[in-house]
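Note sheet for the following structure.
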Amino acid sequence: MASQDRLPQLRKDVITGRWVIFSPARAKRPSDFKSKAPATASDPGYDHRRQCPFCSGNEHMCAPQIFRVPPDPSSDWKIRVIENLYPALDRNLKDADFDGDMLRGFGFHDVVIETPDHSVHLSDLSPREVGDVILAYKKRIEQLLTFDSIEYVQVFKNHGAPAGASLSHSHSQIIALPIVPSNVSAQIECLKEHFDRTGKCCLCEVQSNELLIDESAHFVSFVPFAAAFPFEIWIVPRDHSPHFHKLDDDKAADLGGLLKLMLRKISIQLNDPPFNFMIRTSPVHTSGSEMCSTHWYLQILPQLTIVAGFEVATGCHINPVFPEEAAKVLREVHVQI
1 MASQDRLPQL RKDVITGRWV IFSPARAKRP SDFKSKAPAT ASDPGYDHRR QCPFCSGNEH
61 MCAPQIFRVP PDPSSDWKIR VIENLYPALD RNLKDADFDG DMLRGFGFHD VVIETPDHSV
121 HLSDLSPREV GDVILAYKKR IEQLLTFDSI EYVQVFKNHG APAGASLSHS HSQIIALPIV
181 PSNVSAQIEC LKEHFDRTGK CCLCEVQSNE LLIDESAHFV SFVPFAAAFP FEIWIVPRDH
241 SPHFHKLDDD KAADLGGLLK LMLRKISIQL NDPPFNFMIR TSPVHTSGSE MCSTHWYLQI
301 LPQLTIVAGF EVATGCHINP VFPEEAAKVL REVHVQI
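So for the sequence shown, the UniProt record's numbering puts the first residue at 1; every next one is plus one.
Okay, here's the thing in structure tokens:
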């Protein structure tokens, strides 16, 4: 059935507990749902060789380096993890003690420069190289977990200015917090409720062929049943795993291949849209009972619609593309990686 012939529908996301409205009357055909402003449009007045702090040769323009890959300073670097020059939190504060309903802004805000080449994007790297970026995330998280005050670590990538990227050079970010964000706590509660009711992890149960896009040895990719955004994608480990940083080298390489494939698919089908991706992992201090119900995943959100007043007021998103149709469109995109 064509999207515009379907009736509106409300679906509840069992992972987050929020409702999503599917309103196909607000969209054209799913296959026509393309970004009007590609994320990688060039600025002819920008000389990245002199102005971009993330380019090779401009390391002096950056905040201090935390580590690089490979570590040998006599060779050229492939990945750099540095402090954010304009951090949201202050790593130099000595504690994060509560004072009533206020907490000192202690925390870490880092940048992962994914390539020294300004013209190369994450989806242009080989699967193994994307896996190396994922391993850099893992290494930095493990370093951050040595600080007792850190409760949650968020890895995210903004691609394109409309998605929040202030620099076009391919990079991602890591923020380590002394608190567990409220939406993370709410998701943990939803997952625990499902487990208490069924005895099963919600994400271990995902089987729908209609929603599946592709799969690898250790991961599956699909459009979630109650996707809040058009062409939203989740990449989920096959094996139950609460914490992202527990993945090994082989699984990181496998994830690198599937992540590259998904990014190439949305780039080809949706005209290189701005997007965000986030690694949804469990808090640092996850209790024993929560270990059975929580399951990390990587979420990709192409930015094809505008979050407006209704969404902000209610937390209920309006998605013009049914997930089954988005998954079918993405399955049919043929990509060589």
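Just so you know, even glycine gets a beta-carbon here, dropped at the ideal spot from N, CA and C.
These numbers were taken from a predicted model, which means no experiment stands behind them.
query                                                                                                                                                                                : result
Which ranges does the alpha helix (DSSP H) cover as unbroken runs of at least 4 residues, wholly within the region 214-276, from first to last along the chain?                      : 249-270
If we ignore side chains and look at the alpha-carbon of each, how far apart do residue 198 and residue 34 end up?                                                                   : 39 Å
Quick one: using the 10 Å Cβ neighbour count with 16 as the cut-off for buried, is residue 1 buried or exposed?                                                                      : Only weak support exists for where residue 1 lies, its pLDDT of 44 falling under 50; the coordinates are left without a value.
Go to residue 174, then tell me how far its beta strand (DSSP E) extends in each direction, as first and last residue.                                                               : 171-177
Under DSSP, the beta strand (DSSP E) around residue 67 begins and ends at which residues?                                                                                            : 65-69
Note the first and the last residue of the continuous beta strand (DSSP E) segment covering residue 48.                                                                              : Taken as a continuous stretch (DSSP letters only), residue 48 belongs to no beta strand (DSSP E), being part of the alpha helix (DSSP H) at 48-51.
Label residue 20 either buried or exposed according to how many other C-beta atoms from any shown protein chain fall within 10 Å of its C-beta, with 16 as the threshold for buried. : buried
Out of 113, 125, 212, which has the shortest C-alpha to C-alpha gap to residue 165?                                                                                                  : 113
To which residues does DSSP link residue 153 through a beta bridge?                                                                                                                  : 176
For residue 105, which residues from the same chain have a beta carbon less than 7 Å from its beta carbon, with the 5 sequence-adjacent residues on both sides left out?             : 89, 90, 93
Considering only DSSP beta bridges, list what residue 279 is partnered with.                                                                                                         : 155, 298
Less than 6 Å between C-beta atoms, sequence neighbours within five positions excluded: which residues of the same chain meet that for residue 63?                                   : 82, 83, 85
Within the same chain, show all residues whose beta-carbon is closer than 8 Å to that of residue 162, passing over the 5 residues directly before and after it, in chain order.      : 37, 39, 274, 303
Between the alpha carbons of residue 190 and residue 72, how many angstroms are there, rounded?                                                                                      : 45 Å
Could you give the DSSP three-state label for residue 12: helix, strand or coil?                                                                                                     : strand
List the DSSP bridge partners of residue 19.                                                                                                                                         : 12
Using 8 Å as the threshold, is the C-beta distance between residue 70 and residue 253 below it?                                                                                      : no
Does the Cβ of residue 329 have 16 or more other Cβ atoms within 10 Å, making it buried, or fewer, making it exposed?                                                                : buried
For residue 316, I'd like the list of residues in its chain whose CB is within less than 8 Å of its CB, leaving aside the five on either flank, ordered along the chain.             : 18, 19, 20, 21, 310
Taking 8 Å as the CB-CB limit, is residue 40 close to chain B?                                                                                                                       : You won't find chain B in this structure, because it holds only one protein chain.
Excluding the 5 residues flanking residue 247 on each side, which residues of the same chain have their C-beta closer than 8 Å to its C-beta?                                        : 134, 138, 237, 241, 255
Within 10 angstroms of its Cβ, does residue 155 collect 16 or more other Cβ (buried), or is it exposed?                                                                              : buried
From the DSSP output, which residues share a beta bridge with residue 81?                                                                                                            : 67, 112
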